[in-house]
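Plus 1213 on top of the position in the sequence shown (first one is 1) and you've got the working numbering. Ideal Cβ placement from N, Cα and C applies to all residues, glycine included. Here is the structure we will look at.
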Amino acid sequence: MRLSTVILPIYRWSEGRDVWRRAEDLGFHAAYTYDHLSWRSFRDGPWFGALPTLAAAAAVTERIRLGTLVTSPNFREPVTLAKDLMTLDDVSGGRITLGLGAGTTGFDATVLGGEGWSARERADRLRDFTALLDRLLTEPAVTHDEGHYRAHEARTIPGPVQEPRVPFAIAATGPRGLRLAARYGQAWVTTGDDRVGTDGTPAASRAAVGAQVTRLEATCAEAGRDPGSIERILLTGFTPDRPLDSVDAFVETAAAYRDQGITEIVLHWPIADSQFAADRATFERIATEGLAQLG
């Protein structure tokens, strides 16, 4: 199992530089960030752009993978995003992973002045967005004139460092999203089951995630893909589990989700006075000791 962290883009770079470097020093497999224009309880506080933050993080780190959890079509366009991803992959030396999701009806959906899309349209747009982005990152020139997104002789040259392209980690739990993950994803992302949320029991959450993994594997098999070829990422913080209470709590939580088929656990970098508050010393002990104790 891999252990990663997600660092919200709330820091001025004079402070953020040290946070991203520390994530690498602690040995995390990857450090991700949210790709939103603002988010929930952080809406009226500092919030910086995800892609410039990742570029800066790439310049001050050497080994740790970097990426978004997740990017959505709410305010992104495939052509410009492909160019930014190619550049990020070059700056980082091939360390970028792109998390992709359909987005929600929150701040990002209306900040540009439009109305939020229905669930069906969000799913349609994610399908079209992902398909075009895949082409843009694997072909030197693309013209595309169908679905929700367009491209006319769009160039992505010389292309990403990673081949055939930057890996996609697709967040999905419904049938359409799982089919998209099976077709395009190098990884699949879940935050748990909304029906369980943070108020249910850990046992219920783990069973629900196990059921999601089972559906993912079945969808891969139906698509003719080896289910073992796709990584399964759990972004914690939205389930009843409390993995940051202690090293033992982390080991118990990680072992339980590993038994359900999860291959990567992502912990939020602690933020005081927020839903992601946690003891920093305990967090760092988990980073350096947790996987070894997990065995």
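C-alpha distance - residue i paired with residue j, whole-angstrom precision
| i | j | result |
| --- | --- | --- |
| D1257 | D1439 | 44 Å |
| F1261 | T1411 | 27 Å |
| L1282 | T1266 | 13 Å |
| G1503 | Y1247 | 24 Å |
| A1424 | S1217 | 23 Å |
| A1462 | M1214 | 16 Å |
| Y1224 | T1432 | 39 Å |
| T1452 | V1460 | 18 Å |
| D1302 | G1508 | 32 Å |
| R1455 | A1434 | 33 Å |
| A1421 | G1405 | 7 Å |
| A1322 | P1222 | 19 Å |
| W1226 | G1312 | 23 Å |
| A1172 | T1310 | Given a span of 1214 to 1508 for the chain in the structure shown, any question on residue 1172 remains unanswerable. |
| L1307 | V1374 | The amino acid at residue 1307 is misidentified as Leu; the sequence shows Gly. In a straight line, the C-alpha of G1307 is about 5 Å away from that of V1374. |
| W1330 | D1337 | 10 Å |
| R1428 | G1316 | 21 Å |
| A1485 | R1368 | 43 Å |
| Q1506 | E1334 | 44 Å |
| V1409 | R1471 | 19 Å |
| E1465 | R1419 | 12 Å |
| A1385 | A1344 | 15 Å |
| V1402 | E1366 | 32 Å |
| H1242 | F1320 | 30 Å |
| R1348 | G1372 | 11 Å |
| D1492 | P1291 | 39 Å |
| D1458 | G1280 | 26 Å |
Residue i - containing alpha helix (DSSP H), residue span
| i | result |
| --- | --- |
| D1412 | That residue, D1412, is in no alpha helix (DSSP H); it is neither H nor E in DSSP. |
| W1233 | 1226-1238 |
| E1376 | Neither: E1376 is in no alpha helix (DSSP H) and is coded neither H nor E. |
| E1275 | Counting along the chain, E1275 falls outside any alpha helix (DSSP H), and DSSP gives it neither H nor E. |
| A1295 | 1291-1305 |
| L1346 | 1332-1351 |
| Q1506 | 1493-1507 |
| T1323 | 1320-1323 |
Given residue i as reference, the closest of the options once Cα atoms are compared
| i | options | result |
| --- | --- | --- |
| V1379 | R1215, G1327, D1297, D1406 | D1297 |
| S1305 | A1382, T1274, R1471, Y1362 | T1274 |
| E1376 | A1322, G1387, E1352, D1337 | E1352 |
| P1415 | R1363, A1469, H1365 | A1469 |
| P1388 | S1418, P1371, V1426, G1413 | V1426 |
| D1341 | L1325, G1319, A1364, T1323 | A1364 |
| I1499 | P1286, S1487, P1483 | P1483 |
| A1494 | A1263, S1254, L1239 | L1239 |
| L1350 | L1294, G1229, A1505, Y1362 | L1294 |
| A1270 | W1233, L1345, E1290 | W1233 |
| L1391 | D1407, D1347, L1339, I1220 | L1339 |
| T1318 | F1288, H1481, H1361, M1299 | F1288 |
| S1254 | G1360, V1324, S1487, R1276 | S1487 |
Residues bridged to residue i (per DSSP)
| i | result |
| --- | --- |
| A1469 | Paired residue(s): none; A1469 is not in a bridge. |
| G1280 | Y1245, T1310 |
| L1480 | T1218 |
| I1383 | L1313, W1401 |
| A1364 | H1357 |
Boundaries (first-last residue) of the beta strand (DSSP E) holding residue i
| i | result |
| --- | --- |
| V1355 | 1354-1359 |
| L1447 | 1444-1448 |
Residue-chain proximity (residue i, chain B), Cβ-Cβ < 7 Å
| i | result |
| --- | --- |
| T1427 | Considering every chain present, this structure includes no chain B. It has just one protein chain. |
Residue i Cβ short of 6 Å to the ligand PLP heavy atom set
| i | result |
| --- | --- |
| T1432 | Ligands in the displayed structure: none, and consequently the ligand PLP is not present. |
Problem - Three-pair Cβ contact test at 8 Å for the region 1356-1368 versus the region 1392-1404 - result: Segments in contact, no.
Exercise for the section: Kindly confirm or deny that the region 1442-1456 and the region 1475-1482 touch, where touching means at least three C-beta pairs closer than 8 Å. Expected result: yes
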